[in-house]
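Everything below concerns the one structure shown next.
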Amino acid sequence: MTVVFVAKKAFFSSFLWTAGDFFAQFLAAHHEVARRRIAGEKNASEGGRGHASGKDMVMAVDQGRLLFSAVFGLVLTPGLVGYGKIISRAIGAPYDNMLAAFALLTIQQLFATPLTLLLYHNTATAVRGGFNEPGFLSAHESLAITRTSGRHDAMSVERRIVADVLPYTLLASWYTFLPKAFHSYRKSKPMGRGCAAVLYVPWLAYVSYMQHTMLL
Numbered sequence: 182m183t184v185v186f187v188a189k190k191a192f193f194s195s196f197l198w199t200a201g202d203f204f205a206q207f208l209a210a211h212h213e214v215a216r217r218r219i220a221g222e223k224n225a226s227e228g229g230r231g232h233a234s235g236k237d238m239v240m241a242v243d244q245g246r247l248l249f250s251a252v253f254g255l256v257l258t259p260g261l262v263g264y265g266k267i268i269s270r271a272i273g274a275p276y277d278n279m280l281a282a283f284a285l286l287t288i289q290q291l292f293a294t295p296l297t298l299l300l301y302h303n304t305a306t307a308v309r310g311g312f313n314e315p316g317f318l319s320a321h322e323s324l325a326i327t328r329t330s331g332r333h334d335a336m337s338v339e340r341r342i343v344a345d346v347l348p349y350t351l352l353a354s355w356y357t358f359l360p361k362a363f364h365s366y367r368k369s370k371p372m373g374r375g376c377a378a379v380l381y382v383p384w385l386a387y388v389s390y391m392q393h394t395m396l397l
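Below, the structure is given as structure tokens:
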């Protein structure tokens, strides 16, 4: 395992997480503009056009969120590379090997993906002050799982992550990892970066969307 190999992995991981967050923000901005149009609202910055341009929505993207996603993708890589190396040695390469491919999928979805998502949701919430100021949960009091007799604390935030957010982002991850397992079984080489981006970016966009709308 060379430094160059890990660096390439880190760069691609950073790109995937950043692209996912960008699309989540862009689509959220588009949805907000559509909502305003339906409600008959006018944004002064739109100059009376009645709709925002693509440039307006790109400018509305939160640069801090993009930076966090980029850094998270970078920091996550060494651990995932090490995990992949250990698991491959224990189970074997998944290429042209149905048993190994689906054994890796099982371990991925039972352990690696949930832990990655927990790390992301907890880190993103902590960076945005959610654990220090858990009062943001008041906006979600219609959900019984987050009701704590009108008082919220750090454990309330953790319960929301585990009970209200993680199940959805984990379920959506099957869109990415099940096709990847089939590819490993049917092919004799790793999935190309283009195909990987097609699978990962929509899932990571959904993860970012859920983080922003259900947490912070």
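Numbered continuously in my numbering, the sequence shown closes out at residue 397. Note that the Cβ used here is the ideal one computed from N, Cα and C, for glycine as well. For clarity, every value in this text was computed on a predicted model and none was experimentally measured.
Query - Per-residue DSSP class, three states only, for PHE196 - result: helix
Query - Local conformation of SER354 per DSSP, three classes - result: coil
Report task. Pick helix, strand or coil for ASN303, following the three-state DSSP scheme. Result -> helix
Report task. Kindly indicate which residue of ALA191, GLY263, LEU296 and TYR349 has the alpha-carbon position closest to the one of SER389. Result -> TYR349
Query raised in the report: Straight-line CA distance for ASN303 to SER250?
Result: 13 angstroms
Query raised in the report: Where do the N-terminal and C-terminal ends of the alpha helix (DSSP H) with LYS266 fall, by residue?
Result: 244-272
Query raised in the report: Does the Cβ of LEU296 have 16 or more other Cβ atoms within 10 Å, making it buried, or fewer, making it exposed?
Result: exposed
Query - Straight-line Cα distance separating GLY263 from ALA271 - result: 13 angstroms
Query raised in the report: Would you call ASP277 buried or exposed, if buried means 16 or more other Cβ atoms sit within 10 Å of its Cβ?
Result: exposed
Report task. From the DSSP output, in three-state form, read off TYR390 for me. Result -> helix
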